[in-house]
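The listed protein sequences correspond, in order, to chains F and W.
Residues 1405 to 1906, numbered by our numbering, are exactly what the first sequence covers, in order.
Residues 246 to 397, numbered by our numbering, are exactly what the second sequence covers, in order.
The C-beta atom is built at its ideal place from N, Cα and C for all residues, glycine as well.
Bear in mind that the values here come from a model prediction, so they are computed numbers and not experimental data.
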Amino acid sequence: MTGTRRRGARFRLALAGAATIAIAGPLLWLWQASLLPDTYSVMDMGYADYGGAPAHGLEHGLEHAAHMAAGSERSLTSFTADPDRKADVEVTLVARKQRFQLATGRSVEGYTLNGTSPGPAINATVGQLVQVRLVNESVPDGITLHWHGVDVPNSVDGVAGVTQDAVAMGGSFTYRFVADQAGTFWYHSHQVSHEQVRRGLLGALVVAPAPRPPAGTVDTVALLHLYDGARTINGREGDVHVEASPGARVRVRVINTENGQTSIWTGVPFRLVAVDGTDLNKPDPVRDLAISLTAGARADLEVTMPEDGSPVRIHIGGPTGLVLGRGPSGPPPVPRPAKTLDLLSYGAPAPIGFDADRPDRRFEYEIGRRPGFLDGRPGVWWTVNGRMFPDVPMFVVAEGDVVRMRISNQSGETHPMHLHGHHAVVLSRNGVPATGSPWWVDSLEVANGDSYEIAFVADNPGIWMDHCHNLPHAAEGLIAHLMYEGVTTPFTVGGEARNQPE
Amino acid sequence: MKIVYKVLAYLIAIEVAVQASMVVLGDAGLFVYIGEGGVLDKATAESGALQFPEFFAFVVHGINGMMVIPVIAVLLLISSFFTKIPGAVKAAGLVVVLVALQVTLGLLGHSITPLGALHGINALLLFTAALYAARRGRAAVVSAPAQPVHAG
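Written out as structure tokens, the structure reads:
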């Protein structure tokens, strides 16, 4: 009797053990497989996607193929601005970890550049060579600077572990690039960026056109950032006053340095004259419309001051904003218009300079979400084309290719997608073709359920990040890279420099 | 193992209660914040700072729901294999299925709002299933001496 019971108990225990292994085994295997090595190159990450073109550039002729086959590779460090050219604009930025005060007296623990956050605005004129020496005085994790929206040479793109090593305390790094496009840009750290940007390692970069605007024109920057929940414009809480006389034209360059989109609106007619550092073609004046500004993106608005001298309020997301006019008194707030300006049909069409209908490469960038482990952490994580970080695509192109990319989002959340080193033009959204001004972006809000077709010319060789600029999402693996054939990087994520780009 | 199973099952029920309280606490804080003139857009919501003191409740809800509760549910299922409580595996399996459904409904509710309403109802089902699983243990303890033993 007891023998049978014991046998039954043993059998049951064996069954329970087998069932446990059946459940825990795959989970443990998935957990183990998700652990990232201490050091890795982004070139070894995931899988290569040639976008429908044959690998190793055979379409460019045998000579090119042979060139590739001979292993003639080029390090991205060789893509630089002319080293013999003298700098036109020289800036030194010293980064510190410190407690600092906002204009209202609020004390913030974070990072500064030359003692302030946002860091000094850098101003250049189109065509000038900008040289910025970054010195890390006391940021323990190391720092870099990325020139958001400027199509810089790859060696100065400022991505830790991809284009350089993070600058350790006591070290420095010099960024040199030609500001070849007039427009509104910004810079920020791309080392532990989800934490360092939030805590203040950022600033504005404005490239003015060569013929200066006529006298009487007001040109002002409105950089949005939150410090410990305090919403600021140019580091100031509450209304920011800008002097403008009646009848003056005012250009307001709004920069969204945050992780989520914000709305801009005003009670008077305005024109949206530029997006992401590129002027729009023939933008009509509009009113009773809000502008939705993507995380990382810029929008330049132009308003004409009323002749009667009344001030104008530009709302940026609600309580904060600019008050344009004379004297300190601002007009009362106005509610956000219900409708949002749609850039798909705003302005007038113009040639984009290449034939997007005959692309050399076509890529899919489909954003999803599923349960799994990310470096050992259980959760519901982002996917690119159905696969989870680090098994993400490396989009491979050759210099001169016309590239089309479809970015679609079925992840349940909105994502501000940012491509480094290039500007892409929006061709369509959800199958509806763009009919307005060419809409060039470096930061594009892809709402849940939306699908965008974009195109660009691969004219800036290197290895470039293509990621979500809701920076915690990037840290959660919503990242891919764009790589030119034959370009290599000597840098690794992790390693002695403790590079951690996200 | 019986005690482990019971503790885990009760833990799930407690966690569901915590989830319900957290989300309402967060909502209450949000409406007080708005009532006092605060504005919450995506830029503010994603800034990583606590705009209002109760904002932490949303963070707790997210971490609990997507990481902690699924891990407890899997451990409950594994522990159920080693208990002699009748129906323990079925009850634990039901809890796992409802947890998976709950996470799915919660995330889909971000884009398809009516599924958020189902998320609320499914929470009650999950709470009940967790208690049912836990109390099966109790029933087994009570009835254990009465179990007939057959000679083989």
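Is there at least one non-hydrogen atom of the ligand GTP closer than 6 angstroms to the beta-carbon of residue i?
{"i": "W:L369", "result": "No copy of the ligand GTP appears in this structure; indeed no ligand is present at all."}
Enumerate in chain order the residues of its own chain whose CB-to-CB distance from residue i is below 6 angstroms, with the five nearest sequence positions on each side excluded.
{"i": "F:F1577", "result": "L1538 and V1571"}
{"i": "W:G397", "result": "Because W:G397 sits at a pLDDT of 37, beneath the cut-off of 50, its placement in the model cannot be relied upon, and the following sentence gives the value as read from the coordinates. Counting only Cβ-Cβ distances below 6 angstroms, and skipping sequence neighbours, we find nothing."}
{"i": "F:D1492", "result": "Q1532 and L1533"}
{"i": "F:V1727", "result": "D1643, H1645, P1715, R1717 and G1734"}
{"i": "F:F1674", "result": "L1705 and V1707"}
{"i": "F:R1657", "result": "T1588, V1625 and D1704"}
{"i": "F:A1470", "result": "Residue confidence for F:A1470 is low, a pLDDT of 42 falling below 50, so the modelled location carries little weight; the figure read from the coordinates is stated next. Around F:A1470: no qualifying Cβ."}
{"i": "F:A1901", "result": "D1569 and A1570"}
Check for me: the alpha helix (DSSP H) holding residue i runs from which residue to which?
{"i": "W:Y278", "result": "K247 to G280"}
{"i": "F:L1726", "result": "Here F:L1726 belongs to no alpha helix (DSSP H); instead the beta strand (DSSP E) covers G1725 to G1729."}
{"i": "F:P1797", "result": "No alpha helix (DSSP H) holds F:P1797; the beta strand (DSSP E) holding it covers P1797 to V1801."}
{"i": "W:G338", "result": "A333 to L353"}
{"i": "W:A290", "result": "K287 to A290"}
{"i": "F:Q1600", "result": "S1597 to Q1600"}
I'd like the list of long-range same chain contacts for residue i, defined as Cβ closer than 8 angstroms, with 5 residues on each side in sequence excluded.
{"i": "F:S1542", "result": "A1499, R1500, K1501, Q1502 and M1573"}
{"i": "W:M267", "result": "A302, F303, V305, H306 and N309"}
{"i": "W:F297", "result": "G274, L275, V277, Y278 and G283"}
{"i": "F:D1854", "result": "S1812, N1813, R1833 and N1834"}
According to DSSP, which residues form a beta bridge with residue i?
{"i": "F:R1765", "result": "F:V1807"}
{"i": "F:A1828", "result": "F:V1845"}
{"i": "F:Q1535", "result": "F:E1494 and F:R1580"}
{"i": "F:L1605", "result": "For F:L1605, which the question treats as bridged, DSSP gives no partner whatsoever."}
{"i": "F:Q1505", "result": "F:S1511"}
{"i": "F:L1517", "result": "F:A1499 and F:T1520"}
{"i": "F:N1903", "result": "F:G1898"}
{"i": "F:T1567", "result": "Looking at the DSSP assignment, F:T1567 forms no beta bridge with any residue, so it has no partner."}
Out of the options, point me to the one whose CA is closest to residue i's CA.
{"i": "F:V1534", "options": "F:P1842, F:G1671 and F:R1489", "result": "F:R1489"}
{"i": "W:G361", "options": "F:Y1856, F:G1816, F:W1785 and F:W1843", "result": "F:G1816"}
{"i": "F:L1417", "options": "W:K329, W:E291, W:V304 and W:A345", "result": "W:K329"}
{"i": "F:L1745", "options": "F:P1735, F:D1688 and F:G1776", "result": "F:D1688"}
{"i": "F:S1375", "options": "F:V1861, F:D1870 and F:A1901", "result": "Chain F is shown only over 1405 to 1906; residue 1375 of chain F falls outside these bounds and no answer can be derived."}
{"i": "W:T289", "options": "F:R1635, F:T1508 and F:D1683", "result": "F:R1635"}
{"i": "F:Q1814", "options": "F:P1794, F:T1787 and F:R1808", "result": "F:T1787"}
{"i": "F:V1716", "options": "F:P1732, F:A1703 and F:A1701", "result": "F:P1732"}
{"i": "F:G1431", "options": "F:S1479, F:P1753, F:F1777 and F:N1558", "result": "At residue 1431 of chain F the sequence reads Leu, which differs from the Gly that was named. Per the Cα distances, F:F1777."}
{"i": "F:F1860", "options": "F:L1882, F:N1638, F:L1886 and F:T1818", "result": "F:L1886"}
{"i": "F:S1476", "options": "F:E1900, F:T1724, F:T1896 and F:V1891", "result": "F:V1891"}
{"i": "F:T1520", "options": "F:V1530, F:Q1505 and F:N1527", "result": "F:Q1505"}
{"i": "F:A1437", "options": "F:P1782, F:T1893 and F:W1844", "result": "F:P1782"}
{"i": "F:I1771", "options": "F:E1849, F:D1545, F:Y1750 and F:G1835", "result": "F:E1849"}
{"i": "F:P1753", "options": "F:L1439, F:P1842, F:E1662 and F:V1625", "result": "F:P1842"}
{"i": "F:H1552", "options": "F:N1685, F:I1659, F:H1719 and F:L1440", "result": "F:I1659"}
{"i": "F:R1889", "options": "F:G1751, F:L1480 and F:V1784", "result": "The question names Arg, yet the displayed sequence has Glu at residue 1889 of chain F. Residue F:L1480 is the option with its Cα nearest to F:E1889."}
{"i": "F:D1632", "options": "W:I257, W:L295 and W:A368", "result": "W:L295"}
Looking only at its own chain, which residues have a Cβ that is under 7 angstroms from the Cβ of residue i, when we skip the five neighbours before and after it?
{"i": "W:Y377", "result": "A336"}
{"i": "F:A1838", "result": "L1748, V1830, L1831 and S1832"}
{"i": "F:G1575", "result": "N1540"}
{"i": "F:D1805", "result": "D1764, R1765 and A1862"}
{"i": "F:C1872", "result": "H1819, P1820, M1821, A1878 and L1882"}
{"i": "F:A1361", "result": "One cannot answer for residue 1361 of chain F here, as it falls past the ends of chain F, which runs 1405 to 1906."}
{"i": "F:E1880", "result": "L1778, W1785 and W1786"}
Please state the DSSP three-state secondary structure of residue i.
{"i": "F:T1893", "result": "coil"}
{"i": "F:E1641", "result": "strand"}
{"i": "F:G1783", "result": "strand"}
{"i": "F:F1793", "result": "coil"}
{"i": "W:I366", "result": "helix"}
{"i": "F:F1777", "result": "strand"}
{"i": "F:F1674", "result": "strand"}
{"i": "F:Q1574", "result": "Here the sequence assigns Gly to residue 1574 of chain F, which means Gln is not the residue at that position. The answer is coil: DSSP assigns F:G1574 none of H, G, I, E or B."}
{"i": "W:Q296", "result": "coil"}
{"i": "F:D1448", "result": "helix"}
{"i": "F:L1745", "result": "coil"}
{"i": "F:L1439", "result": "coil"}
{"i": "F:P1820", "result": "strand"}
{"i": "F:N1558", "result": "helix"}
{"i": "F:S1382", "result": "Here chain F has residues from 1405 to 1906 only, and residue 1382 of chain F is not among them."}
How far does the beta strand (DSSP E) with residue i in it extend, from its first residue to its last?
{"i": "F:A1699", "result": "Unbroken run through F:A1699: none, as it is neither H nor E."}
{"i": "W:A318", "result": "Run containing W:A318: none in the beta strand (DSSP E); it sits in the alpha helix (DSSP H), I314 to F326."}
{"i": "F:T1588", "result": "G1587 to H1592"}
{"i": "W:V305", "result": "From DSSP, W:V305 is part of no beta strand (DSSP E) but of the alpha helix (DSSP H) over F301 to I308."}
{"i": "F:L1628", "result": "V1622 to Y1631"}
{"i": "F:H1877", "result": "No beta strand (DSSP E) holds F:H1877; the alpha helix (DSSP H) holding it covers L1875 to A1879."}
{"i": "F:S1855", "result": "S1855 to V1861"}
{"i": "F:S1667", "result": "T1666 to T1670"}
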